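Protein chains in written order, with my numbering: chain V, 58 to 499; chain W, 58 to 499.
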């Protein structure tokens with residue numbers, strides 16, 4: 058016997074969780090497609106050179122890297138950004154620009170598995186490439202808002218900053234050469250707190266500039282005030298601050314202004330970003346951290362093509378979002394006594410098996426119920442009623458149809474609401490269907 | 058510069074193909090859920106011991122197998138059946154039985170890449186485990202039919218056989234000890250032809266039995282005749298032939314009989330199967346081969362648990378099905394002059410960018426169109442009209458909305474059908490929306 062264990066940091070996903078995950082991905086996909094975004098896919102396995110870049114001589118410990126049968130040096134992808142860059146390098150001439158794509162896929166990182174981090178997880182990435190404009194910057198944010206609100210999450214806050222303004226400010230301050238270290242230090246503000254960040258910044262820039270940086274990254278009472286302060290400290294307006302203003306104006310124009318929060322402490326550690334950067338928090342669950350982040354970059358695929366590909370992108374942290382959805386669901390269900398919502402229900406109706414000779418009748422009933430939108434199954438074996446009821450209970454199926462000899466011969470059924478335990482006996486299937494719709498609110 | 062190449066046998070999936078693939082998977086998922094099937098997921102990477110079984114000392118050449126950072130012997134999954142067996146071994150006590158699951162996922166095989174075979178491909182598996190009954194056998198077939206018909210493919214034929222009858226026949230014939238070799242040889246009938254199969258069978262059983270086997274595996278004019286002959290040659294009726302009769306009766310009872318074809322030459326090579334086995338062909342594209350196959354097995358997870366888990370399962374060959382869908386689509390579009398069907402369209406409406414100062418207006422228009430179900434995008438930069446038209450053409454967007462100063466100030470738009478090149482100028486957005494619905498038939 059082999060122990061059916063999974064690798065550390067990997068996991069099976071059981072139906073409850075997997076239904077939720079697939080529902081979320083479908084909702085995100087519908088939102089994306091309503092904005093004209095299209096899906097792509099790339100391989101899980103690629104040449105290590107392609108994923109790691111030519112420079113990477115030593116094996117990165119986080120990468121699953123090995124030699125395949127053809128002695129090729131291959132690696133499993135660790136994100137969807139590098140494969141997208143490689144994809145654009147390979148296909149830029151057969152695609153149209155601007156190109157708006159989404160990509161859902163598993164990625165693999167052999168990193169420390171503490172704190173709910175997995176070694177295999179699903180990423181959801183979104184990008185508009187081939188254009189640098191306020192319209193594109195705003196669209197990616199608007200799409201993210203649509204993603205959340207289509208899932209029923211309306212209380213979100215986009216914490217937005219602009220790398221260009223930050224760099225301009227550091228230049229004005231005379232510490233432009235240290236900008237990378239400063240950005241990384243500021244990026245850790247929420248983790249380390251103000252005091253530790255002051256210490257770190259002081260080490261990098263000295264005490265005076267550190268104090269000014271702490272002033273700069275502090276959000277004022279309103280977006281306008283914050284932006285004014287940022288401009289002032291950065292030495293005046295620029296194309297960067299104008300871009301941020303334009304994005305805010307667009308948000309206001311369509312009534313989304315309340316969801317935008319200018320937060321100059323958001324830097325995103327990666328060198329990669331050059332324009333807006335942002336993270337997204339849920340008003341009801343701020344402690345869960347950012348559920349969606351991204352920003353503008355000015356050369357996606359320089360490793361693979363001479364064509365400069367500018368873009369703006371975003372990524373949703375699906376595991377974190379799922380945890381949030383479950384938490385919100387729990388909070389909501391404490392307020393009402395709703396049963397499992399329809400989208401998460403495994404099935405709506407169980408047709409009990411009273412005798413296998415009626416299987417043809419049951420099958421026709423099931424067909425009719427399915428055609429009316431009810432998820433319907435027939436218990437596939439003539440077992441004791443107790444076992445069939447217990448199956449329905451474990452699978453949380455709310456409705457039952459029971460038809461034995463008397464019912465079959467009179468073309469009727471007994472209808473049972475398995476949650477309330479109420480029964481209606483000897484009714485037509487049409488009547489049962491009507492009652493099912495009423496009981497399930499559909 | 059790094060060449061943006063992909064590994065041999067791997068591939069990028071561009072939007073045309075990926076939209077089709079995702080639509081197919083969503084349609085299959087909806088069908089599954091209407092029958093009460095639920096999704097699961099398992100890791101891409103597992104312990105080699107778990108995937109290959111304890112016996113496998115030597116490295117199977119088809120398996121991507123390596124040592125991870127923790128010196129664990131790991132492999133990428135090569136199918137979804139072994140992981141499902143492991144999954145059931147791990148979770149049988151926390152699940153209810155019968156358990157009906159579907160699982161879509163990528164699998165990896167380093168095999169020969171000739172003839173459109175890929176080293177990474179998507180599998181779609183379906184199983185009902187924990188029960189052995191005609192209802193379950195029939196349900197898996199009915200679900201497969203629902204999968205195809207919900208995709209618009211109604212002309213399919215399930216070629217069904219029963220391993221039990223075949224083995225009974227071989228026993229009666231006195232060659233029961235050679236059943237594995239016989240089954241494998243018969244499995245290659247369609248590939249090698251009757252003459253070569255006769256030679257092979259003669260080598261295994263001698264000429265007399267070989268002739269009888271060739272008689273047995275020949276389909277008669279109707280299912281009833283074939284089944285009668287099989288019973289007769291097998292030495293009489295048995296639980297196996299009764300099972301097959303029951304399945305046929307159920308198919309007839311719900312008007313599906315025409316899609317079932319008893320074909321005693323279908324054996325499925327794998328030892329694994331013990332009951333019904335089947336393959337599925339499209340009437341319009343028989344040359345494409347079986348698009349869906351499966352059967353009944355009597356012990357799924359014996360490697361991982363002492364609990365006997367019987368089941369019946371099915372697997373859809375997604376790449377083959379996609380090729381078929383594209384072929385059928387091409388045939389259909391030659392008959393009519395339909396444009397891209399809505400489900401495959403990248404976007405319905407392009408709002409042209411006449412001046413970035415109108416972006417707020419365009420964004421509100423887009424919101425309204427999206428809320429009415431039209432996939433709508435705004436061209437994100439103020440480029441020349443020619444370039445914007447060319448973008449719409451390349452992305453095959455059928456409708457355009459153009460609003461410059463005159464239109465914005467009078468709260469109207471110009472509406473363009475980009476396929477017919479017809480325009481309606483100076484109308485309200487509501488009027489344009491109405492016209493769009495008419496033009497797109499929605």
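In this text, a Cβ means the ideal position worked out from N, Cα and C, and glycines have one as well. Quick caveat, the model's predicted, so the values are computed rather than measured.
Ranking W:77, W:293, W:213 by CA distance to the CA of residue 228 of chain W puts W:293 first. Residue 126 of chain W has a beta carbon lying within less than 8 Å of a beta carbon in chain V. In the same chain as residue 89 of chain V, and ignoring 5 residues on each side of it, the C-beta atoms closer than 6 Å to its own belong to 159, in chain order. The alpha-carbon of residue 452 of chain V is positioned some 13 Å away from that of residue 92 of chain W. At a cut-off of 4 residues, not a single continuous stretch assigned as alpha helix (DSSP H) sits fully inside the segment 297 to 376 of chain V. In this structure residue 261 of chain V touches residue 238 of chain V by the C-beta definition: roughly 5 Å separates them, less than 8 Å.
Here residue 460 of chain W is buried, its C-beta having at least 16 other C-beta atoms within 10 Å. A Cβ-Cβ contact shorter than 8 Å links residue 369 of chain V with residue 193 of chain V. For residue 65 of chain V, no beta strand (DSSP E) encloses it, and the DSSP letter there is neither H nor E. Beta-bridge partners of residue 270 of chain V (DSSP): none assigned. Here residue 164 of chain V is bridged, per DSSP, to V:178. A buried status is given to residue 297 of chain V, since no fewer than 16 other beta-carbon atoms sit within 10 Å of its beta-carbon.
For the C-beta of residue 434 of chain W, the chain V residues within less than 7 Å are, from N- to C-terminus, 92, 93. Pairing residue 119 of chain V with residue 135 of chain V gives a Cβ-Cβ distance under 8 Å. Residue state for residue 412 of chain V is assigned as coil, using DSSP reduced to three classes. Taken atom to atom, the span from the alpha-carbon of residue 222 of chain W to that of residue 126 of chain V is near 42 Å. The beta carbon of residue 156 of chain V is closer than 6 Å to those of 186, 187 in its chain, skipping five residues each way along the sequence.
With a beta-carbon spacing of about 6 Å, residue 497 of chain W and residue 405 of chain W fall inside the 8 Å limit used to define contacts.
For residue 131 of chain V, the enclosing beta strand (DSSP E) stretches over residues 130 to 133.
DSSP places residue 433 of chain W outside any alpha helix (DSSP H); the residue lies instead in the beta strand (DSSP E), whose first and last residues are 433 to 435.
Contacts with chain V at 8 Å (Cβ-Cβ) include residue 71 of chain W.
Uninterrupted alpha helix (DSSP H) stretches at least 4 residues long and entirely within the segment 174 to 259 of chain V occur at 191 to 207, 220 to 230, 236 to 244, given in chain order.
Residue 123 of chain V is bridged by DSSP to V:131. The shortest C-alpha to C-alpha distance from residue 465 of chain V to any of V:477, V:488, V:411, V:342 is the one to V:411. Taking C-beta atoms as the reference points, residue 337 of chain W and residue 213 of chain W count as a pair closer than 8 Å. Fewer than three pairs of CB atoms, one per stretch, sit closer than 8 Å, so the segment 280 to 287 of chain W makes no contact with the segment 162 to 172 of chain W. In terms of Cβ geometry, residue 407 of chain W and residue 434 of chain W form a close pair [threshold 8 Å]. In this structure, W:102 is the residue among W:64, W:436, W:102, W:354 with its C-alpha nearest to the C-alpha of residue 65 of chain V.
Residue state for residue 156 of chain V is assigned as strand, using DSSP reduced to three classes.
Inter-residue distance for residue 480 of chain W and residue 473 of chain W is about 4 Å (C-alpha atoms, whole angstroms).
By the C-beta criterion, the segment 347 to 366 of chain V is judged to be in contact with the segment 140 to 148 of chain V, since at least 3 inter-stretch pairs fall below 8 Å. Scanning its chain for C-beta atoms nearer than 6 Å, with the 5 sequence neighbours on each side dropped, one finds around residue 189 of chain V the residues 367, in chain order.
Counting other Cβ atoms within 10 Å of its Cβ, residue 457 of chain W reaches 16 or more and is therefore classed as buried.
If you draw a straight line from the Cα of residue 377 of chain V to the Cα of residue 107 of chain V, it comes to about 29 Å. For residue 293 of chain V, no chain W residue has a Cβ inside 7 Å of its Cβ, as the nearest lies near 22 Å away.
Listed along chain V is no residue with a C-beta nearer than 7 Å to that of residue 276 of chain W; the closest approach is about 25 Å.
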